[in-house]
Amino acid sequence: MKRVCLFTCVGFLGLLGFISVAEGLGVNWGTQATHKLPPEVVVQLLKDNGIQKVKLFDADQSTMSALAGTGIEVMVAIPNNQLAVMNDYDRAKQWVRRNITRYNFNGGVNIKYVAVGNEPFLTSYNNSFINITFPALQNIQNALNEASVGDTIKATVPLNADVYFSPPDNPVPSAGRFRTDISGLMTQIVQFLHNNNAPFTVNIYPFLSLYGNDDFPFDYAFFDGVTNPIADNGISYTNVFDANFDTLVSALKAAGYGDMTILVGEVGWPTEGDKNGNSNLAYRFYNGLLPRLAANKGTPLRPGFIEVYLFSLLDEDAKSIAPGNFERHWGIFRYNGQPKFQMDLSGQGQNRYLVGATNVQYLPQRWCVFNPNAKDLSKLAANIDYACTFSDCTALGYGSSCNSLDAQGNASYAFNMYFQAQNQKDLSCNFQGLAMVTSQNASQGNCNFIIQIASSSSSWWGPSLSMVAMAFITVLAFCFW
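Going left to right, the sequence shown walks through residues 754 to 1234 as our numbering numbers them.
Spelled out as structure tokens, the structure:
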């Protein structure tokens, strides 16, 4: 009788669609958006998809409050613009009290890491953070230790892969070394991390190997094989992720810390903003990455488990596009928390659309489009430029989903993005008589004319998977009564 009831319970579990996630897999949750999903909605999105690890870019109180009591493992962060302040130990202790120990109670936030800065040694920063990052790291970890949480919460510095390299005359992973201009500093940081049992955190982006480099072997950015692998001391490298990761392993070994734990802080693929940024290629990338993580395949020089955070959870329409238009489109979910493509976070190949955000409140079904009755078109280009300056028009770029629109379509898209960014205020859809409001969806083909999230989203949350989980526990208890 118990056996029959067990099958009934397991069947009930399957019907609920509970989702498993590969061990060690987390996501980055960025918030550089003009209209943010309420933190409670995002946390429910994480829970509904079985995601148990999240990496933040700050320690915002509303975000932390939403994470409290969930058990989700959290990496909080200190932005680069606060690194100088953290060079003062008293300020570092204050930060730890305000953002770490404050949440360290039963039912609080499960904080595991503190990210000190974000890629502070990028060459494009022109050494702005070279002298202040390591002291900030030391102060934060020492403050954690003094607060008696340093054994379980570790400070680390998420670094871009440009902090290490292989020399041009021997471009193989085994020749990896830290960048010459920061070699001494990197050795000091690595030694400090090692002494505190903290991981080395690196961000690896195979997409960027392709971006702007048509000579890069296309298939090498993915995981499904290449015709000409890179040979290195008897090892064949068939993808750039493994080669990049093992270049770091070699750099750490050369510095005397070859066994150091490495955590991949960011890895992902954008779905817009470039000819190689689309959902099909994102699907291909994740369909190769996730099964490897689930199988604990690791890399040739570091086989086994690797902790990895996907970049990113959500699209962010207010991010800087200085690196490229793709910067606003890294999310596995759209701006509104809806999935973009099928994937299986468990890495078992059972691809399906992830569970989308629920209880999302939108602005009214109104779009701002080009007015076909407009007479004077002499200022059309200037008005499009204005609209795109203060909204996100990256989907209009080369290789993107709205690149095939005609002139009027381009104008409509730009006007609508501005209109939505301005919360559909009536005066935001005029553009010197060139625009008009319509209740007809203006989307064309694959080009989506969005309706933005309402800024005053409802605080009521309907039945969620966590609530249904309680029902399952009740059923399970009944089964084994």
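Quick reminder that beta carbons are idealized off the backbone N, C-alpha and C, glycines included.
For residue j and residue i, the rounded distance between their alpha carbons
i, j, result
"alanine 1048", "leucine 1042", "10 Å"
"proline 791", "glutamine 1185", "35 Å"
"lysine 907", "cysteine 1155", "44 Å"
"leucine 820", "proline 1044", "28 Å"
"alanine 845", "isoleucine 853", "11 Å"
"leucine 897", "glycine 903", "5 Å"
"threonine 954", "arginine 851", "24 Å"
"glutamine 1193", "phenylalanine 1123", "13 Å"
"alanine 1004", "methionine 1170", "45 Å"
"isoleucine 942", "asparagine 1033", "39 Å"
"leucine 799", "arginine 855", "23 Å"
"aspartate 1145", "aspartate 1070", "6 Å"
"asparagine 863", "glutamine 1114", "29 Å"
"methionine 1096", "tyrosine 1062", "15 Å"
"asparagine 1176", "phenylalanine 1143", "13 Å"
"isoleucine 957", "threonine 1052", "13 Å"
"glycine 1021", "aspartate 1129", "45 Å"
"leucine 1149", "alanine 1207", "24 Å"
"threonine 787", "alanine 1174", "7 Å"
"alanine 1007", "phenylalanine 1079", "35 Å"
"glycine 1011", "asparagine 948", "14 Å"
"threonine 991", "proline 888", "39 Å"
"cysteine 1200", "glycine 987", "47 Å"
"glycine 1152", "glycine 1030", "8 Å"
Three-state class that DSSP yields for residue i in the structure shown
i, result
"methionine 839", "helix"
"serine 1157", "coil"
"methionine 695", "Past the boundaries of the shown model lies residue 695; the chain is included only from 754 to 1234, so the question cannot be answered."
"lysine 1072", "coil"
"tyrosine 1115", "strand"
"arginine 1105", "strand"
"glutamine 1205", "coil"
"glycine 1162", "helix"
"threonine 909", "strand"
"lysine 846", "helix"
"threonine 1052", "coil"
"glutamine 1173", "helix"
"alanine 830", "strand"
"tyrosine 964", "coil"
"tyrosine 1062", "strand"
"tyrosine 1151", "coil"
"phenylalanine 918", "strand"
"glycine 1041", "helix"
"phenylalanine 1168", "helix"
"serine 1181", "helix"
"phenylalanine 858", "coil"
"aspartate 977", "coil"
"phenylalanine 874", "coil"
"leucine 1098", "coil"
Residue i - containing alpha helix (DSSP H), residue span
i, result
"lysine 1028", "Neither: lysine 1028 is in no alpha helix (DSSP H) and is coded neither H nor E."
"glycine 929", "Per DSSP, glycine 929 belongs to no alpha helix (DSSP H) and is neither H nor E."
"tyrosine 1139", "1133-1142"
"asparagine 898", "886-899"
"isoleucine 942", "936-948"
"leucine 820", "814-820"
Opposing strand residues paired with residue i [DSSP bridges]
i, result
"tryptophan 1120", "Thr1191"
"glycine 777", "Glycine 777 is not bridged to any residue."
"proline 1092", "Phe1086"
"aspartate 985", "Ile988"
"threonine 954", "Pro911, Leu1016"
"cysteine 1200", "Gln1197"
"leucine 1067", "Phe1086"
N- and C-terminal bounds of the beta strand (DSSP E) containing residue i
i, result
"tyrosine 866", "863-869"
"serine 1003", "It is not in any beta strand (DSSP E) - serine 1003 instead sits in the alpha helix (DSSP H) that spans 993-1007."
"tyrosine 990", "988-990"
"aspartate 801", "Note, aspartate 801: premise wrong, no beta strand (DSSP E); alpha helix (DSSP H) at 792-801."
"valine 807", "806-808"
Cβ separation of residue i and residue j, assumed to be a contact under 8 Å, to the nearest whole Å
i, j, result
"arginine 1081", "glycine 1026", "7 Å"
"glutamine 805", "glutamate 826", "6 Å"
"alanine 1195", "serine 1165", "6 Å"
"phenylalanine 1064", "tryptophan 1083", "5 Å"
"tryptophan 1120", "threonine 1014", "Going by Cβ atoms, the distance from tryptophan 1120 to threonine 1014 rounds to 50 Å, so no, they are not a contact pair."
"alanine 914", "proline 920", "Their Cβ separation, rounded to whole angstroms, is 16 Å, which puts alanine 914 and proline 920 out of contact at 8 Å."
"alanine 1110", "alanine 1140", "Rounded, the Cβ-Cβ distance is 27 Å, inconsistent with contact."
"lysine 869", "isoleucine 885", "For clarity, residue 869 is valine in the given sequence; the question names lysine instead. At roughly 10 Å, the Cβ-Cβ gap does not stay under 8 Å, so valine 869 and isoleucine 885 are not in contact."
"asparagine 840", "leucine 1098", "39 Å between Cβ atoms; not a contact."
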